[in-house]
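Chemist:
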């Protein structure tokens, strides 16, 4: 239960300084005026919810209006939860649950099929029905040994472009990549404005951005001096075609003064197979990115496509709200119908597991082996495992 002294209300324009202070204490840095100006453009004040103690804000949640690509190419409008902060003076009093209850009640009222977030801590959001749905690898490549295979495409067409010329070119390329990539998030104009503002305090002691631009792809990277030599830190590498991907990596691999290239990639990125030495891309970390909560099970399941035909009854447990129940899921030629049913279930899972499976980045069989998904027999598990796969690993494209 929430402490009786705590009230929940929508923020007003006069609350933004308090919001910034809460976020600073929660995440350990003070947002600048420029940071807050970008946030104010991205978030509507009426989408910010506060918990107050004697009318003093002590916790905040907000959401951004976002769009995500799901398997099959449909793009869904949905809320992206962000700026989740509870003052250290008011922890363990049920405040986050109270804020999430109010926020997600509004999501239900708005008819959102999904909600998403990115998580600083991995142990918080499962109890609210969120499951990690996309992953990204941070990869280090010793550029001195990087050689592109002779059999790889060599289309050329990459130009060294100053920021003013890159700005009009990049959004269209990103949009084409996003439309074909499950889990990819549309970027609003404010994202591009912030990227090209290239604020110095967000460079992590590296250079301003350099841009490599192809008609179908681009790479934005920084040069960073380290004790071991110069590193190219790739902030953003987007390729709408396989040919542009190969062309960009030919240029990155040819930057003679660079000792190392660091880049974030999807789990199925083809770089190892583009190089003569497939061991060269060394994974230095693997992190979750987008977490998914299914707000409306039938709406979410019918929005995406599936890899094989399927006829199964799913029992979904929602520990937080009432999105759960028993559903008949039938897939024919990739398209699904999903309806509530009283039939006995052939598979059982919690809502966070369904969220993790939804974009195709995790396997039903892995959750079954962990005891988090039950099926009536092996054949049902096989079909679920195959059906939820996507044609490529989901990748978010940016963090929010």
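In the UniProt record's numbering, the protein residues as written are 1 to 400. All C-beta atoms, glycine included, are put in the ideal place defined by N, C-alpha and C. Given the structure is predicted, the values throughout are model-derived calculations rather than measurements.
Taking C-alpha atoms, which residue in 274, 262, 134 lies nearest to residue 293?
Modeler: Counting from one through the chain shown, the residue named residue 293 turns up at place 293. Selected option, being the one with the closest Cα: 134.
Chemist: With a CB to CB cut of under 6 Å and the five nearest residues on each side skipped, what residues in its chain are close to residue 128?
Modeler: Sequence index remark: in the chain shown, residue 128 carries index 128 (1-based). Counting only Cβ-Cβ distances below 6 Å, and skipping sequence neighbours, we find 100, 320.
Chemist: For residue 291, name the three-state secondary structure that DSSP assigns.
Modeler: Indexing the chain shown from 1 puts residue 291 at position 291. It is a strand residue.
Chemist: Can you find a heavy atom of the ligand SAM that lies under 7 Å from the Cβ of residue 174?
Modeler: Looking at this structure, you won't find the ligand SAM or any other ligand, since it has none at all.
Chemist: So the beta strand (DSSP E) residue 378 belongs to, where does it begin and stop?
Modeler: In the chain shown, the residue the question calls residue 378 occupies position 378. Per DSSP, residue 378 belongs to no beta strand (DSSP E); it is in the alpha helix (DSSP H), 378-387.
Chemist: What are the partner residues of residue 185, as DSSP defines its beta bridges?
Modeler: Residue 185 sits at position 185 when you count from the first residue of the chain shown. According to DSSP, which records beta bridges pairwise, residue 185 is partnered with 68.
Chemist: Hey, quick one: how far does the alpha helix (DSSP H) through residue 36 stretch, first residue to last?
Modeler: As a working mapping, residue 36 is identified with position 36 in the chain shown. Its alpha helix (DSSP H) spans residues 33-42.
Chemist: Does DSSP put residue 270 in a helix, a strand or coil?
Modeler: Here residue 270 corresponds to residue number 270 of the chain shown, with the count starting at 1. Here residue 270 sits in coil by DSSP.
Chemist: How is residue 140 classed by DSSP in three states: helix, strand or coil?
Modeler: Numbered from its first residue, the chain shown carries residue 140 at position 140. Strand, per DSSP.
Chemist: For residue 260 versus residue 142, is the C-beta spacing smaller than 8 Å?
Modeler: Stepping through the chain shown from its first residue, residue 260 is reached at position 260. Stepping through the chain shown from its first residue, residue 142 is reached at position 142. A contact, by the Cβ cut-off of 8 Å.
Chemist: The beta strand (DSSP E) that contains residue 159, what's its start and end?
Modeler: One-based indexing of the chain shown puts residue 159 at position 159. Residues 159-161.
Chemist: Given residue 31, which residues of its chain have a CB within under 7 Å of its CB, disregarding the five upstream and five downstream residues?
Modeler: Taking the chain shown and counting its residues from 1, one reaches residue 31 at position 31. Cβ neighbours of residue 31 beyond the five flanking positions: 20, 23, 24.
Chemist: To the nearest angstrom, how far is the alpha carbon of residue 42 from that of residue 220?
Modeler: Here the question's residue 42 lines up with position 42 in the chain shown. Here the question's residue 220 lines up with position 220 in the chain shown. Distance between the alpha carbons of residue 42 and residue 220: 23 Å.
Chemist: Residues in its own chain within less than 6 Å of residue 229 by CB, not counting five upstream and five downstream?
Modeler: One-based indexing of the chain shown puts residue 229 at position 229. The residues are 259.
Chemist: Under 8 Å between the Cβ atoms of residue 291 and residue 174?
Modeler: Reading the chain shown from its first residue, position 291 is the one you call residue 291. Reading the chain shown from its first residue, position 174 is the one you call residue 174. No, these two residues do not count as a Cβ contact at 8 Å.
Chemist: Going by beta carbon distance, what residues of the same chain come within less than 6 Å of residue 298, once the five residues before and after it are set aside?
Modeler: Taking the chain shown and counting its residues from 1, the one referred to as residue 298 is at position 298. Contacts found: 338.
Chemist: For residue 272, I'd like the list of residues in its chain whose CB is within less than 6 Å of its CB, leaving aside the five on either flank, ordered along the chain.
Modeler: Here residue 272 is taken as the residue at index 272 of the chain shown, counted from 1. Counting only Cβ-Cβ distances below 6 Å, and skipping sequence neighbours, we find 278, 281.
Chemist: Excluding five sequence neighbours on each side, which residues of the same chain lie with their C-beta closer than 6 Å to the C-beta of residue 216?
Modeler: Position 216 of the chain shown holds residue 216. Excluding positions up to five away in sequence, the list reads 240, 241, 244.
Chemist: Going by beta-carbon coordinates alone, are residue 224 and residue 208 separated by less than 8 Å?
Modeler: On the chain shown, position 224 is the one that residue 224 refers to. On the chain shown, position 208 is the one that residue 208 refers to. No, the Cβ-Cβ distance between residue 224 and residue 208 is not below 8 Å.
Chemist: Going by Cα to Cα distance, which pick from 301, 351, 263 is closest to residue 286?
Modeler: Counted from its first residue, the chain shown places residue 286 at position 286. The shortest Cα separation from residue 286 among 301, 351, 263 belongs to 263.
Chemist: Would you list the one or two residues that DSSP bridges to residue 237?
Modeler: Start at 1 with the first residue of the chain shown, and residue 237 comes out as number 237. 219, per the DSSP bridge assignment.
Chemist: Comparing C-alpha positions only, which one of 247, 63, 49 sits nearest to residue 150?
Modeler: Here residue 150 refers to the residue found at position 150 of the chain shown. Considering only alpha carbons, the answer is 247.
Chemist: Using only the alpha-carbon positions, how far apart do residue 95 and residue 34 sit?
Modeler: Looking up residue 95 in the chain shown gives position 95. Looking up residue 34 in the chain shown gives position 34. Each residue's alpha carbon lies about 29 Å from the other.
Chemist: How about residue 184 and residue 361: do their beta carbons lie closer than 8 Å?
Modeler: In the chain shown, counting from the first residue as 1, residue 184 sits at position 184. In the chain shown, counting from the first residue as 1, residue 361 sits at position 361. Cβ distance not < 8 Å, so residue 184 and residue 361 don't count as in contact.
Chemist: Using DSSP with H/G/I as helix, E/B as strand and the rest coil, what is residue 130?
Modeler: Position 130 of the chain shown, counted from the start, is the residue given in the question as residue 130. Residue state, collapsed to three classes: coil.
Chemist: Using the Cα positions of residue 81 and residue 132, report the straight-line distance between them to the nearest angstrom.
Modeler: As a first step, residue 81 must be located in the chain shown, where it is residue number 81. As a first step, residue 132 must be located in the chain shown, where it is residue number 132. Approximately 14 Å between the Cα atoms of the pair.
Chemist: What first and last residue would you give for the beta strand (DSSP E) that runs through residue 19?
Modeler: Within the chain shown, numbered from 1, the residue matching residue 19 stands at position 19. That residue, residue 19, is in no beta strand (DSSP E); its alpha helix (DSSP H) goes 16-27.
Chemist: Determine the direct distance from the alpha carbon of residue 374 to that of residue 49, and round the result to whole angstroms.
Modeler: Counting from one through the chain shown, the residue named residue 49 turns up at place 49. Counting from one through the chain shown, the residue named residue 374 turns up at place 374. Going by the C-alpha atoms only, they are around 37 Å apart.
Chemist: For the candidate residues 97, 232, 305, 342, whose alpha-carbon lies nearest to that of residue 390?
Modeler: The residue labelled residue 390 in the question sits at position 390 within the chain shown. Nearest of 97, 232, 305, 342 to residue 390, Cα basis: 305.
Chemist: For residue 56 and residue 44, I'd like the C-alpha separation in whole angstroms.
Modeler: Locating residue 56 in the chain shown gives position 56, where the first residue counts as 1. Locating residue 44 in the chain shown gives position 44, where the first residue counts as 1. If I take the Cα positions, the gap works out to 20 Å.
Chemist: Where does residue 101 fall in DSSP's three states?
Modeler: Residue numbering aside, residue 101 sits at position 101 when the chain shown is read from its first letter. Residue 101 falls in the helix class under three-state DSSP.
Chemist: Taking only the alpha-carbon atoms, compute the straight-line gap between residue 368 and residue 314 and give it to the nearest angstrom.
Modeler: Position 368 of the chain shown holds residue 368. Position 314 of the chain shown holds residue 314. Answer to the nearest angstrom: the Cα atoms are 14 Å apart.
Chemist: How many Å lie between residue 195 and residue 61 at the Cα?
Modeler: On the chain shown, position 195 is the one that residue 195 refers to. On the chain shown, position 61 is the one that residue 61 refers to. Residue 195 and residue 61: Cα-Cα distance of roughly 24 Å.
Chemist: Do you know whose CA, among 387, 46, 52, 388, lies nearest residue 8's CA?
Modeler: To locate residue 8, count along the chain shown from 1; it is residue 8. The shortest C-alpha separation from residue 8 is found at 52.
Chemist: My output table needs one value for residue 229: the three-state DSSP class, helix, strand or coil.
Modeler: On the chain shown, residue 229 is found 229 positions in, with the first residue counted as 1. Residue 229: strand per DSSP, three-state reduction.
Chemist: Based on Cα-Cα distance, which residue from 330, 147, 309, 164 lies nearest to residue 251?
Modeler: Numbered from its first residue, the chain shown carries residue 251 at position 251. The option with the nearest alpha carbon to residue 251 is 147.
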